[in-house]
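First comes the structure, then the notes that go with it.
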Amino acid sequence: MRVRNTLVPAVFLTVAALASTACGQKPGVAELGIGPGGQYYGDGTGQVGADGAALDPGAAAPGVDPVTGQPAGNVPGAGGATGGGSTGGGSTGGGGTRPGPGGGTPGGGGGPGDRTGVTDTTIKIGVHAPVTGAAAFPQQSFQSGVGVWANHINSKGGIHGRKVEIVFRDDRFDPNSARGVCKELAQQQKVFLLIGAGGSDQIDACARYATSVNTPYLSAGVHETRPNLGSLNALRTFHAMSLTYEEQVPLLVNVAKTDLAGKKVAVIVADNDSLNNFYAKVDGAMKQAIGANVVLSRRIPKKTDVDAPAIATQICNSGAQAVLWNASPSGLINVSKSMTCGVQFFGPGNTNGLNIVATGGCPNVSNALFFSSFPGLDKIGQLDPEFDPAYRRKTGSAPDDIGVALWGAEKLVGAMLQATGKDLSRERFLATLVSGKRFDTGVYPGVQWSGSDHFGGTAMHLLRADCGARQYRTQRLNVAP
């Protein structure tokens, strides 16, 4: 098996599948691929109304392409771009109208029977994540965890006789860079589908690009819409594998009313514009549910290194006893360590519920409650007994929760590929996703899409920080809105 690692300064921002927000910067990993045998290779690429209700984000601004977010007329893949064939029989597509869910003519590659990334023996999948410029997640966790499920299923003959091949690229925590690596994966690596493994703004950029070139794109649920660009739900090839931030608002309200009953709450959300809609909805819902017990609502910078003490002081001065947090894990650690008062953090999934946050944030994040699309290490053996032995077989070491996240995402995508059948094309794959079939592999909560709804999440797991063990434990499974 090929082993061609190009090392770059990097750290891993996990899947999620997974729903992450802005993160701070650290050094450490490689741009990697997993071949059919499970080994690594790589070639190195590089608004709120007065009543607190969300304003209608509207359609794309004039002069802006609603799919890619780039100036109209400068859309990659339009105007007769090549879709990138493969030995499986890909095709060349012309420009087309921008499709919404379930309709339209895809632009940039791939007519009926587009088998880009598929051969008689392999299925090639591209994965991107912000491993540089992201939070301080251990390099080894990513290197060990990515491809464990692919290696496991390949040892059993693959999917309909095809081995799964995974190619990874670092998107450097920058939407423009993310669009660039997704273009490289789609047009040069000729992957069958793309997975966004973290970073909401990067996922947004790649999802819009992927639709412009008719490439299936899956990620954890992130924000639903972005100012001037419209909803991710309007993207024909995009599908969210867990609840969006907005869909998690009822879950967060329920936590505030039950687990944190009677506590004064501060609502703290990062200031990326992709979180405007979430902030409006969660702030309005919290004020409606617990009234004057919302004692502080504010946005904070994506990077909190300098601002952490001031943010911590404002939270403590507000009298808050709990903090609804939707910002980066590094910001959570920085702010919590600067606080002179004790609070209980809670928020949407995924990355603030990782054990690396408990390790770095305890005792300041004691009993923090965060939703997650994957369970903690304390429950994965019960939910999926194959995970632990498969992980140890590939890595020779005990698993961590990043491995759980990666296993869950790969397994869920694998179920979709299995359901599509041996005659695998992008068109058949996308049709299978919106057929009404529910995909439930026992790790991530089940997902189910339709032609008009590409936000497929049905539930989330709730994790609680156990600072005695310095890890998150599973509080509740499959919590539905």
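Sequence positions in the sequence shown follow mature numbering (1 follows the signal peptide of the UniProt record, and there is no 0) and run -24 to -1, 1 to 457. Just so it is clear, CB atoms sit at the ideal spot from N, CA and C, and this is done for glycine as well.
Since residue i sits in a beta bridge, which residues does DSSP pair it with?
i	result
THR450	LEU439
THR98	LYS139
GLY93	DSSP output for GLY93 lists no bridge partner at all.
GLN424	ARG414
GLY323	PHE346
PHE431	ALA216
TRP301	ILE244
VAL455	MET436
VAL103	PHE144, ILE171
At the level of alpha carbons, what is the spacing between residue i and residue j?
i	j	result
ASP399	ILE171	21 Å
ILE244	LEU251	11 Å
ASN302	TYR255	9 Å
residue 464	ASP429	The chain is shown only over -24 to 457; residue 464 falls outside these bounds and no answer can be derived.
GLY390	PRO285	45 Å
GLY433	LEU219	4 Å
ILE129	ILE135	7 Å
GLN358	ASN340	30 Å
ALA242	GLN320	10 Å
ILE101	ARG414	22 Å
LYS355	ARG452	10 Å
SER306	VAL282	12 Å
HIS199	GLY427	19 Å
ARG184	PHE118	26 Å
VAL143	THR98	12 Å
ALA216	CYS338	31 Å
Whose C-alpha, out of the options, is nearest the C-alpha of residue i?
i	options	result
ARG148	HIS104, GLY121, ASP247, ASN130	HIS104
LEU169	PRO192, GLN178, ALA183, ALA181	PRO192
ASP249	CYS182, SER176, MET262	SER176
GLY238	ASN253, VAL271, PRO226, TYR221	VAL271
LEU300	VAL282, ILE276, ASP283	ILE276
GLY174	MET392, SER304, GLY427	SER304
ARG91	MET217, ALA374, VAL455, LYS166	LYS166
ALA288	LEU308, LYS279, LYS278	LEU308
ALA186	VAL225, SER312, LYS159	LYS159
ASN152	ILE179, LYS279, ARG402, GLY133	ILE179
MET392	PRO375, SER411, ALA374	SER411
GLY444	ILE142, GLY336, VAL225, ILE291	GLY336
LEU228	GLY260, PHE214, ARG202, LYS139	GLY260
LYS278	SER349, VAL94, ASN310	ASN310
ARG402	PRO457, ASN190, GLN164	ASN190
GLY197	TYR448, GLY123, GLU222	GLU222
THR280	ASP247, ARG368, ALA374	ASP247
PRO351	GLY123, ASN331, GLN164	ASN331
Report whether the distance from the Cβ of residue i to the nearest heavy atom of the ligand HEM is below 6 Å.
i	result
LEU300	The ligand HEM is not among the ligands present in this structure, which contains no ligands whatsoever.
For the 8 Å Cβ check, are there 3 or more pairs between the stretch 335 to 347 and the stretch 377 to 396?
no
Where are the alpha helix (DSSP H) runs, 4 residues long or more, that stay fully inside the stretch 117 to 149, in chain order?
Within the stretch 117 to 149, the complete alpha helix (DSSP H) runs of at least 4 residues are 124 to 131.
Between the stretch 313 to 320 and the stretch 356 to 375, can you find at least three pairs of beta-carbon atoms closer than 8 Å?
no
Counting Cβ pairs, one atom from each stretch, are 3 or more of them under 8 Å apart for the stretch 284 to 297 and the stretch 398 to 416?
no
With a cut-off of 8 Å, do at least 3 Cβ pairs link the stretch 256 to 268 to the stretch 220 to 235?
Note that the stretch 256 to 268 touches the stretch 220 to 235; at least 3 beta-carbon pairs, one per stretch, sit closer than 8 Å.
Quick test of the definition: if touching needs 3 or more C-beta pairs under 8 Å, does the stretch 322 to 333 touch the stretch 198 to 216?
Taking 8 Å as the limit for Cβ pairs, the verdict is that the stretch 198 to 216 does not touch the stretch 322 to 333.
Within the stretch 151 to 214, ranges of the alpha helix (DSSP H) (whole runs, at least 4 residues)
151 to 163, 176 to 188
Mind the definition here: the stretch 412 to 426 touches the stretch 438 to 445 only if three or more C-beta pairs lie below 8 Å; say whether that holds.
no
Those runs of the beta strand (DSSP E) which lie wholly inside the stretch 230 to 295 and span at least 3 residues
Counting whole runs of 3 or more residues, the stretch 230 to 295 contains the beta strand (DSSP E) stretches 241 to 246, 270 to 276.
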